[in-house]
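Be aware that the sequence shown starts at 15, since it is given in this note's numbering, and climbs by one per residue.
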Amino acid sequence: MSPGGVCGVTSGGGLRRLEQELVQTKLVHQSQVFKPRCNGLDRKPSSITGMRTGVTGIGVQDEASKQSNRLITRPQRLPSAEASKCAWNRYLLRKPEENTHPATTSVEAALECARKNNLDMEEIDRTMFWRPSYETTISCGFVAVDLKHHLVLSIYNKKLGIYQLPKGRTQINESFLKAAMRETIEESGVVVTPLPLLNWTRANPEDDGDATQTNGSSRQKSPPVVQACPDKQVVSDTLNNEFIGVVEYMDPQVSTPNTHKSIYYFAASFDVEAHEAGTEGKCYEEKFIPCAYSLEDTLKVLRFQADRDAVTKLVDDLRLTSIAF
15 MSPGGVCGVT SGGGLRRLEQ ELVQTKLVHQ SQVFKPRCNG LDRKPSSITG
65 MRTGVTGIGV QDEASKQSNR LITRPQRLPS AEASKCAWNR YLLRKPEENT
115 HPATTSVEAA LECARKNNLD MEEIDRTMFW RPSYETTISC GFVAVDLKHH
165 LVLSIYNKKL GIYQLPKGRT QINESFLKAA MRETIEESGV VVTPLPLLNW
215 TRANPEDDGD ATQTNGSSRQ KSPPVVQACP DKQVVSDTLN NEFIGVVEYM
265 DPQVSTPNTH KSIYYFAASF DVEAHEAGTE GKCYEEKFIP CAYSLEDTLK
315 VLRFQADRDA VTKLVDDLRL TSIAF
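Right, dumping it as structure tokens:
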């Protein structure tokens, strides 16, 4: 042993270096061994944290070290609503008899559950139906307007001899909004921009912590609400790009019988001057003639009442958003 030290370690700088190394080892060990879970289970105290020695300063935490340990070892306290989202049931029931909820063993209890929720389960069962994917056609389109010149975009179908709104079938793994944009360009050649409106929707409002994107558009500050929906489950005070309505009918252009067709329409704007100047525009299918008529003329020429209803709904949404048209 060297004089004035233990095992070659001096009582001065060497001891301080040893203390620093032990503290660093403790923090690294805790970060590797301790892995906190969102529900706070399986916490293990660090063996280094609990160690005490006879050497002054070793095994005794200073205030900075204590704060560091708190950051590592203490799980964040969550409000009860958020905590319920983190918790999960680790065991899934494997047999119906394992479910001990009263409604599963008593007809009266099951009926009482329905009564409390003001639901007629038999009526729901009678009106609910299943349709396989190959008997379902989904199309998407736009009701597009030029806000400056008060024009509505439509197309004339030379094959069928009718005016209609631009729309078409979705592609595999394509979002509805992207399908509407692609089909509108393919059928009219007009470049459109999704138009956020105070469209009454049953889509759930965004959580504050979620991404600030709603169906392809950034969240924006909503204008004053002109008219609120009395149904509290309908969002009526938020600008959004959700579909403004759906047209539904039996698809007559397929060989599979009983095929159901749904057309989801969205709101959009376009610039007729930019299109006609050649600064905006794409090639389009030859069987269509793109048209930009006034609202009055558009409502006159559209062949189907459902298309006219879609245009009327858009005009109503413009009014609710305080946009003149």
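Beta carbons: idealized from backbone N, C-alpha and C, even for Gly. Since the model is a prediction, treat every value here as computed from it, not as a measurement.
With DSSP run on the structure shown, which of helix, strand or coil describes His289?
Residue state, collapsed to three classes: helix.
Cutting at 7 Å between CB atoms, please list the residues of its own chain near Leu313, excluding the five before and the five after it.
Excluding sequence neighbours, Leu313 sits near Arg322 and Val325.
Would DSSP call Thr312 helix, strand or coil?
It is helical.
Identify the continuous beta strand (DSSP E) that holds Glu137 and give its terminal residues.
Element bounds for Glu137: not the beta strand (DSSP E) but the alpha helix (DSSP H), Met135 to Thr141.
Bridge partners of Gln178, per DSSP?
Ile169.
Whole angstroms are fine: how far does the CA of Ser283 sit from the CA of Val166?
Answer to the nearest angstrom: the Cα atoms are 9 Å apart.
Let's test the definition: count the other Cβ atoms within 10 Å of the Cβ of His115 and tell me whether it reaches 16, buried, or not, exposed.
It is exposed - the Cβ of His115 has fewer than 16 other Cβ atoms within 10 Å.
On a CA-only basis, which of Asn171, Val286, Glu33 and Ile258 is nearest Cys154? Give me that one, please.
The option with the nearest alpha carbon to Cys154 is Ile258.
How big is the Cα-Cα spacing for Leu316 and Pro180?
Rounded to whole angstroms, Leu316 to Pro180 spans 11 Å at the Cα level.
Please state the DSSP three-state secondary structure of Phe302.
Three-state result, Phe302: strand.
Considering Cys127, what are the terminal residues of the alpha helix (DSSP H) in which it resides?
It spans Val121 to Lys130 - the alpha helix (DSSP H) in which Cys127 sits, taken as one unbroken run.
What's the C-alpha gap between Pro146 and Asn171?
Taking the straight line joining both Cα atoms gives about 30 Å.
Please list the terminal residues of the continuous beta strand (DSSP E) segment that includes Ser283.
Segment His274 to Ser283, the beta strand (DSSP E) holding Ser283.
Could you give the distance in angstroms between the alpha-carbon of Leu107 and the alpha-carbon of Val121?
Approximately 21 Å between the Cα atoms of the pair.
With 16 as the cutoff for other CB atoms within 10 Å, does Met195 come out buried or exposed?
The residue in question, Met195, is buried, as its Cβ has 16 or more Cβ neighbours within 10 Å.
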